[in-house]
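To start, the structure under review is shown below, and the notes come after it.
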């Protein structure tokens, strides 16, 4: 599989759940972090969905870039698919991430973008609508 980097912008920043040999702050351009996904598992139910973060079109997003430990690439991707693709609301994608560690390097990193055609896409909500949903969230 070769060298693998993963870009985390939500819970992967504080709870990656996989082995990595290096990490650095990173900047992904072309997508921004937004409360744009109805959550029916972690922050809500089918009857009363919550909202969670996703990467939506436009802007930029700061997060953490993880260099996956050699030999752990396939297991890491399998773990991420199980964790992130419960309802397939995310599109698995590789994007250029600028490392903000003073090295001026960029890496190609695996990340998860929201699928705007998925029934759980909530990017059309106003800020007031988002607040009302978050207030009623569970988990």
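Numbering (this note's numbering), first residue to last: 4 to 142. Cβ coordinates follow ideal geometry from the N, Cα and C atoms, glycine included.
Member of the options whose CA lies at the smallest distance from the CA of residue i
{"i": "residue 13", "options": "121, 117, 130", "result": "117"}
{"i": "residue 62", "options": "107, 128, 20, 31", "result": "31"}
{"i": "residue 65", "options": "77, 41, 44, 100", "result": "100"}
{"i": "residue 139", "options": "47, 76, 108, 93", "result": "47"}
{"i": "residue 38", "options": "28, 20, 79, 60", "result": "60"}
{"i": "residue 6", "options": "124, 111, 123", "result": "111"}
{"i": "residue 93", "options": "43, 121, 126", "result": "121"}
Cβ-based burial, residue i [other Cβ within 10 Å; buried from 16]
{"i": "residue 97", "result": "exposed"}
{"i": "residue 10", "result": "buried"}
{"i": "residue 67", "result": "buried"}
{"i": "residue 81", "result": "exposed"}
{"i": "residue 125", "result": "buried"}
Extent of the continuous beta strand (DSSP E) run through residue i
{"i": "residue 143", "result": "Within the shown structure, residues of the chain are numbered from 4 to 142, placing residue 143 beyond reach of any answer."}
### Query
Which runs of the alpha helix (DSSP H) fall wholly inside the region 64 to 139 and span at least 4 residues, in chain order?
Listed in chain order, the complete alpha helix (DSSP H) runs (minimum 4 residues) inside the region 64 to 139 are 76 to 87, 130 to 138.
### Query
Does the count of Cβ pairs from the region 73 to 87 and the region 52 to 61 closer than 8 angstroms reach three?
Counting Cβ pairs under 8 angstroms, fewer than three are found: no touch.
### Task
Count the CB pairs spanning the region 43 to 51 and the region 104 to 120 that are closer than 8 angstroms, and state whether there are at least three.
Contact fails: fewer than three Cβ-Cβ distances are below 8 angstroms.
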